[in-house]
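Protein chains in written order, with my numbering: chain L, 493 to 628; chain R, 493 to 628; chain E, 493 to 628; chain A, 493 to 628; chain X, 493 to 628; chain W, 493 to 628.
Beta carbons: idealized from backbone N, C-alpha and C, even for Gly.
The model shown is predicted, which means the values in this text are computed figures rather than measured ones.
Notes follow the structure.
Protein chains: 6
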Amino acid sequence: MVYLTRVEHFNAAHQLFNPRWSKQKNETVFGKCANENWHGHNYELYVTIKGEPDPDTGFVLDVKKLSEIIKEHILEKVDHLNLNEDVDFMKGKMCSTENLAIAIWEQLEQFLPAAVQLHVVKLYETPSIYVEYFGR
Amino acid sequence: MVYLTRVEHFNAAHQLFNPRWSKQKNETVFGKCANENWHGHNYELYVTIKGEPDPDTGFVLDVKKLSEIIKEHILEKVDHLNLNEDVDFMKGKMCSTENLAIAIWEQLEQFLPAAVQLHVVKLYETPSIYVEYFGR
Amino acid sequence: MVYLTRVEHFNAAHQLFNPRWSKQKNETVFGKCANENWHGHNYELYVTIKGEPDPDTGFVLDVKKLSEIIKEHILEKVDHLNLNEDVDFMKGKMCSTENLAIAIWEQLEQFLPAAVQLHVVKLYETPSIYVEYFGR
Amino acid sequence: MVYLTRVEHFNAAHQLFNPRWSKQKNETVFGKCANENWHGHNYELYVTIKGEPDPDTGFVLDVKKLSEIIKEHILEKVDHLNLNEDVDFMKGKMCSTENLAIAIWEQLEQFLPAAVQLHVVKLYETPSIYVEYFGR
Amino acid sequence: MVYLTRVEHFNAAHQLFNPRWSKQKNETVFGKCANENWHGHNYELYVTIKGEPDPDTGFVLDVKKLSEIIKEHILEKVDHLNLNEDVDFMKGKMCSTENLAIAIWEQLEQFLPAAVQLHVVKLYETPSIYVEYFGR
Amino acid sequence: MVYLTRVEHFNAAHQLFNPRWSKQKNETVFGKCANENWHGHNYELYVTIKGEPDPDTGFVLDVKKLSEIIKEHILEKVDHLNLNEDVDFMKGKMCSTENLAIAIWEQLEQFLPAAVQLHVVKLYETPSIYVEYFGR
Numbered sequence: 493m494v495y496l497t498r499v500e501h502f503n504a505a506h507q508l509f510n511p512r513w514s515k516q517k518n519e520t521v522f523g524k525c526a527n528e529n530w531h532g533h534n535y536e537l538y539v540t541i542k543g544e545p546d547p548d549t550g551f552v553l554d555v556k557k558l559s560e561i562i563k564e565h566i567l568e569k570v571d572h573l574n575l576n577e578d579v580d581f582m583k584g585k586m587c588s589t590e591n592l593a594i595a596i597w598e599q600l601e602q603f604l605p606a607a608v609q610l611h612v613v614k615l616y617e618t619p620s621i622y623v624e625y626f627g628r
Numbered sequence: 493m494v495y496l497t498r499v500e501h502f503n504a505a506h507q508l509f510n511p512r513w514s515k516q517k518n519e520t521v522f523g524k525c526a527n528e529n530w531h532g533h534n535y536e537l538y539v540t541i542k543g544e545p546d547p548d549t550g551f552v553l554d555v556k557k558l559s560e561i562i563k564e565h566i567l568e569k570v571d572h573l574n575l576n577e578d579v580d581f582m583k584g585k586m587c588s589t590e591n592l593a594i595a596i597w598e599q600l601e602q603f604l605p606a607a608v609q610l611h612v613v614k615l616y617e618t619p620s621i622y623v624e625y626f627g628r
Numbered sequence: 493m494v495y496l497t498r499v500e501h502f503n504a505a506h507q508l509f510n511p512r513w514s515k516q517k518n519e520t521v522f523g524k525c526a527n528e529n530w531h532g533h534n535y536e537l538y539v540t541i542k543g544e545p546d547p548d549t550g551f552v553l554d555v556k557k558l559s560e561i562i563k564e565h566i567l568e569k570v571d572h573l574n575l576n577e578d579v580d581f582m583k584g585k586m587c588s589t590e591n592l593a594i595a596i597w598e599q600l601e602q603f604l605p606a607a608v609q610l611h612v613v614k615l616y617e618t619p620s621i622y623v624e625y626f627g628r
Numbered sequence: 493m494v495y496l497t498r499v500e501h502f503n504a505a506h507q508l509f510n511p512r513w514s515k516q517k518n519e520t521v522f523g524k525c526a527n528e529n530w531h532g533h534n535y536e537l538y539v540t541i542k543g544e545p546d547p548d549t550g551f552v553l554d555v556k557k558l559s560e561i562i563k564e565h566i567l568e569k570v571d572h573l574n575l576n577e578d579v580d581f582m583k584g585k586m587c588s589t590e591n592l593a594i595a596i597w598e599q600l601e602q603f604l605p606a607a608v609q610l611h612v613v614k615l616y617e618t619p620s621i622y623v624e625y626f627g628r
Numbered sequence: 493m494v495y496l497t498r499v500e501h502f503n504a505a506h507q508l509f510n511p512r513w514s515k516q517k518n519e520t521v522f523g524k525c526a527n528e529n530w531h532g533h534n535y536e537l538y539v540t541i542k543g544e545p546d547p548d549t550g551f552v553l554d555v556k557k558l559s560e561i562i563k564e565h566i567l568e569k570v571d572h573l574n575l576n577e578d579v580d581f582m583k584g585k586m587c588s589t590e591n592l593a594i595a596i597w598e599q600l601e602q603f604l605p606a607a608v609q610l611h612v613v614k615l616y617e618t619p620s621i622y623v624e625y626f627g628r
Numbered sequence: 493m494v495y496l497t498r499v500e501h502f503n504a505a506h507q508l509f510n511p512r513w514s515k516q517k518n519e520t521v522f523g524k525c526a527n528e529n530w531h532g533h534n535y536e537l538y539v540t541i542k543g544e545p546d547p548d549t550g551f552v553l554d555v556k557k558l559s560e561i562i563k564e565h566i567l568e569k570v571d572h573l574n575l576n577e578d579v580d581f582m583k584g585k586m587c588s589t590e591n592l593a594i595a596i597w598e599q600l601e602q603f604l605p606a607a608v609q610l611h612v613v614k615l616y617e618t619p620s621i622y623v624e625y626f627g628r
């Protein structure tokens with residue numbers, strides 16, 4: 493079993509705001525992250541899959557294919573967009589990095605070839621903060 | 493003459509949109525950067541000053557002092573905010589990285605001690621794109 | 493279960509020196525790291541916790557809270573200090589990166605909220621050397 | 493149990509080309525990676541071992557010793573060379589990053605001291621692509 | 493005047509070999525870099541242009557346009573190729589990073605819009621070695 | 493004219509302490525940097541030289557030669573040492589990054605071949621603080 497990781501990037505606006513709470517409680521809990529005019533990040537996305545290398549290619553999966561799957565099913569839906577407003581798979585969810593990583597896992601899992609398994613989605617919000625989700 | 497650089501970070505939302513143009517022309521020119529719901533970045537800001545080291549301290553300027561000046565006059569005004577909507581010194585300007593670097597220079601220049609000169613403001617929008625402004 | 497990591501930095505002096513050995517044996521085993529006048533590093537500390545995201549916030553733990561815990565219980569005790577001389581939780585221990593990572597784990601573990609678990613302490617001594625400790 | 497990682501670098505030429513396939517099929521499958529005149533990379537190699545810190549040194553293993561083992565048994569055989577043509581342990585194998593990581597594991601495993609175990613070989617082909625091999 | 497930099501990457505094989513010298517002299521002078529079976533690098537290319545920001549866009553030049561010019565005139569000709577064998581603008585030249593940076597400058601200069609000037613080509617051969625060329 | 497840069501690293505202990513001042517004034521001015529038991533850093537040193545590429549090699553200077561000069565005249569004297577106590581060329585100077593960069597310039601300048609000129613010494617104290625010295 494070998495693990496293969498592809499790193500991709502996207503830029504997006506977001507906001508941490510719980511609609512069941514008052515504006516004041518949101519500001520108390522989320523501070524500047526609750527700014528009603530949004531803020532944003534350069535997210536760095538690491539997608540790791542695992543599998544046996546194919547004897548003919550030496551590849552777990554052609555990394556260009558993995559990159560295309562990530563671009564089609566994730567980057568097209570989040571890059572240069574507003575995570576709270578524009579992204580169908582984040583609708584109705586708190587837009588934390590934790591929830592975004594889970595949602596990216598759930599999206600990607602459906603589109604990977606049967607020969608490989610998704611191992612971990614790692615998502616940097618800033619160079620000092622990242623989350624990892626290994627599935628349930 | 494020695495050059496001293498301090499690196500700081502901020503996260504912000506923005507949009508490239510020229511109000512004198514139609515929505516369609518904005519989309520043609522700015523593509524995804526014109527998204528009406530905003531997108532955002534982790535900006536990385538390099539501020540370089542120059543001067544003679546003080547014989548008593550060996551410092552061109554105490555780098556903690558430089559950091560405080562940047563925090564007070566720049567980061568407080570842009571971090572976790574919307575560059576188009578929330579930042580007084582960007583009002584009425586196209587919100588490009590070029591214009592943001594010029595505006596940061598103009599802000600900082602006023603608040604530096606007389607013994608040093610601002611040399612360059614370097615601003616990364618993404619790890620692959622940066623601008624530098626050396627003043628006029 | 494989601495894993496959340498916060499990266500922090502500190503600068504410190506240290507020395508590798510076993511007091512049960514002669515000065516010569518220390519120099520043979522530890523080379524330049526045994527320098528009696530100390531040397532030092534910019535340590536980079538990655539603290540990873542795990543837990544379920546809170547439905548109200550989307551957070552495993554507010555990363556600002558995690559950062560404050562690390563600052564109060566670790567950085568305040570090691571930053572800009574001498575690891576051998578100034579740090580109570582390293583007293584009487586060989587001051588290797590391995591032992592420092594274990595000691596940081598033991599410190600942090602006591603102060604994390606009950607809802608999360610400490611997963612790993614990862615500590616870079618230089619950009620080419622790091623250790624990880626997952627607890628016992 | 494503590495995990496210790498050493499990072500090393502090497503530069504090499506390689507080519508993805510399956511000799512059982514036509515030139516055309518190789519180009520279809522491997523694209524530019526099949527270029528008959530080779531291309532190359534700055535590989536970044538992370539070797540992680542695990543063990544108990546020695547009470548006398550605080551070390552899982554002296555990291556200088558780990559570096560020497562990697563240099564003698566891996567870097568000497570791959571650095572500034574052609575992975576397909578010049579490296580005995582890659583002979584007859586598809587020269588993918590997956591297979592190179594497996595081969596590096598098999599080389600290193602033989603030469604590590606008995607007190608430690610090899611945990612993972614992580615190999616970056618580019619800053620956006622890496623593989624990990626944890627043994628079988 | 494504002495300076496705008498775009499960072500791009502390419503992978504290539506190369507060799508340092510002076511055909512007017514004996515094989516032995518090449519090995520003496522260039523060491524492992526003279527390997528007849530080639531070696532290779534992940535080159536990192538920084539292209540900096542300068543100009544006045546356009547009042548309508550805030551751009552010195554649309555960075556996507558700059559990226560396209562670099563891709564069409566440089567990356568298409570060097571990426572995943574052999575710098576000595578496959579690249580017309582390096583024919584008959586010693587394939588050092590210095591000469592490659594000069595050649596990239598000479599290529600790019602012809603294709604930039606009149607409103608901007610090429611300022612510097614910066615080329616990393618490894619993370620520890622880079623050259624800069626500002627034109628003659 | 494082409495500019496060639498070599499990046500090297502060293503680890504050292506140091507202290508900011510002006511012997512003409514009281515202990516209290518040192519603590520007021522230098523804060524934690526005045527710790528009497530020292531602290532330390534992983535310094536990153538960029539040395540840039542300039543010259544014309546040699547027609548036979550394509551090199552401004554063989555970068556291995558540049559690296560050897562830096563190692564012999566700088567790293568041997570500062571790496572894993574105490575900048576205040578152990579380094580002859582820092583004796584009697586305030587041990588700031590500014591003064592260290594100037595001293596490194598003065599050391600290196602004497603030992604470079606006549607065909608090249610030293611252009612700049614750039615010294616990172618931490619990833620967020622660096623100084624540059626271009627000579628007088």
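Going by DSSP in three states, residue i sits in which element: helix, strand or coil?
i, result
"W:ALA504", "strand"
"E:GLU528", "coil"
"X:GLY441", "Summary: the structure shown does not reach residue 441 of chain X, with chain X confined to residues 493 through 628, and so no result is reported for it."
"L:GLU624", "strand"
"A:SER564", "The sequence as given places Glu at residue 564 of chain A; Ser does not occur at that position. A:GLU564 falls in the helix class under three-state DSSP."
"A:GLU544", "coil"
"X:GLN609", "strand"
"W:ASN576", "helix"
"W:VAL494", "strand"
"L:THR589", "helix"
"X:LEU537", "strand"
"X:LEU604", "coil"
Short of 7 Å in beta carbon distance, which residues of its chain neighbour residue i, apart from the five on each side in sequence? Order them along the chain.
i, result
"E:GLU617", "HIS533, TYR535 and THR589"
"E:GLN446", "The question about residue 446 of chain E has no answer here: the residues shown for chain E are numbered 493 through 628."
Quick one: what's got a C-beta closer than 8 Å to residue i's C-beta in the same chain, skipping five residues either side?
i, result
"A:VAL494", "LYS542, GLY543, GLU544, PRO545 and VAL552"
"L:LYS563", "GLU500"
"A:LYS517", "ASN510"
"X:GLU519", "ALA526"
"R:HIS611", "TYR495, THR540, ILE541, LYS542 and PHE626"
Quick one: Cα of residue i to Cα of residue j, how far?
i, j, result
"R:ASN527", "X:THR549", "15 Å"
"R:LYS556", "W:LYS524", "12 Å"
"E:HIS531", "X:GLU568", "47 Å"
"R:VAL608", "R:PHE626", "14 Å"
"L:LEU558", "W:VAL570", "46 Å"
"A:GLU598", "A:GLU577", "19 Å"
"X:ASP554", "R:CYS587", "13 Å"
"L:ASN503", "R:LYS585", "22 Å"
Whole-angstrom Cβ separation of residue i and residue j, contact assumed at under 8 Å?
i, j, result
"X:LEU604", "X:ILE561", "7 Å"
"X:LEU496", "X:THR540", "7 Å"
"R:LEU575", "R:MET582", "5 Å"
Kindly list the residues whose CB is nearer than 6 Å to the CB of residue i, restricted to its own chain and excluding five residues on each side of it in sequence; keep chain order.
i, result
"W:ILE596", "ILE566 and VAL613"
"L:VAL623", "THR589, GLU590, ALA593 and LEU615"
"A:PHE522", "LEU508"
"X:TYR538", "THR497, VAL499 and LYS614"
"L:ALA505", "TRP530, GLY532 and ASN574"
Using Cβ-Cβ distances below 8 Å, what residues of the segment 525-552 of chain E are close to chain W?
Within the segment 525-552 of chain E, CYS525, ASN527, ASN529, TRP530, HIS531, GLY532, HIS533 and ASN534 place their CB atoms closer than 8 Å to a CB of chain W, listed in sequence order.
Mind checking the segment 493-504 of chain W against chain X and listing, in chain order, the residues whose C-beta falls within less than 7 Å of any C-beta there?
Answer set for the segment 493-504 of chain W: VAL494, TYR495, LEU496, THR497, ARG498 and VAL499.
Chain E contacts made by the segment 593-622 of chain L, where a contact means CB separation under 8 Å
Listed by position, the residues of the segment 593-622 of chain L near chain E (Cβ gap below 8 Å) are ALA593, ILE594, PRO619, SER620, ILE621 and TYR622.
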